[in-house]
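Plus 103 on top of the position in the sequence shown (first one is 1) and you've got my numbering. Ideal Cβ placement from N, Cα and C applies to all residues, glycine included. Below: the structure, in structure tokens.
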Amino acid sequence: MASYFEEHDCEPTDPEQEARTNMLLELARWMAEAGRSLFNTMDIGGLGLVVDWDHHLPPPAAKTVVENLPRTVIRGSQSELKCPVCLLEFEEEETAIEMPCHHFFHSNCILPWLNKTNSCPLCRHELPTDDDTYEEHRRDKARKQQQKHRLENLHGAMYT
């Protein structure tokens, strides 16, 4: 009687190689499934590259926005303010950068931060970016939040 391998004209596989192959296949299946169900994804430039913005730092703030942030001269009543990054008090007549959320920072504290990410380090208020895919993600997230809010209000209105 012929063996299974002779009958099917194949060679037995190396058990260790087969285990590695099966683990890689399982990992690929898991990643594909996670990509469909867990990730809020964006296709970058139609290349099939996926970015999960909810689990990565946002891109840097737009350069024009950063350049146009208001500079405020610290006056007597504001001299007790501290920069939230370095925790040093602002000196009288010192110029500070004011974020749209009205937090004040030393320029050498906030500018490196905004070159890495687009949010206030204190309250996470986001500035616009130059990244189109991230901006689309923000708009989509805002639409979903508005829809959720409308549904909650509708549900509440039904029972009052």
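Report the residue from 160, 188, 189, 208 whose alpha carbon sits nearest the alpha carbon of residue 174.
-> Taking only the C-alpha atoms, the option nearest residue 174 is 208.
Is residue 239 closer than 8 Å to residue 161 when the C-beta atoms are compared?
-> For the 8 Å CB-CB criterion, residue 161 and residue 239 do not form a contact.
Which runs of the alpha helix (DSSP H), 4 residues or longer, sit entirely within the stretch 170 to 242?
-> If one requires a minimum length of 4 residues, the alpha helix (DSSP H) runs lying completely within the stretch 170 to 242 are 210 to 217, in chain order.
Grouping DSSP H, G and I as helix and E and B as strand, with all else coil, what is residue 165?
-> Residue 165: coil per DSSP, three-state reduction.
In the structure shown, what three-state DSSP assignment does residue 116 receive?
-> Reduced to three states, the DSSP call for residue 116 is coil.
Pair every Cβ in the stretch 211 to 227 with every Cβ in the stretch 164 to 181, then say whether three or more of these pairs are closer than 8 Å.
-> Contact check between the stretch 211 to 227 and the stretch 164 to 181: three or more CB pairs, one atom from each, fall below 8 Å, which counts as touching.
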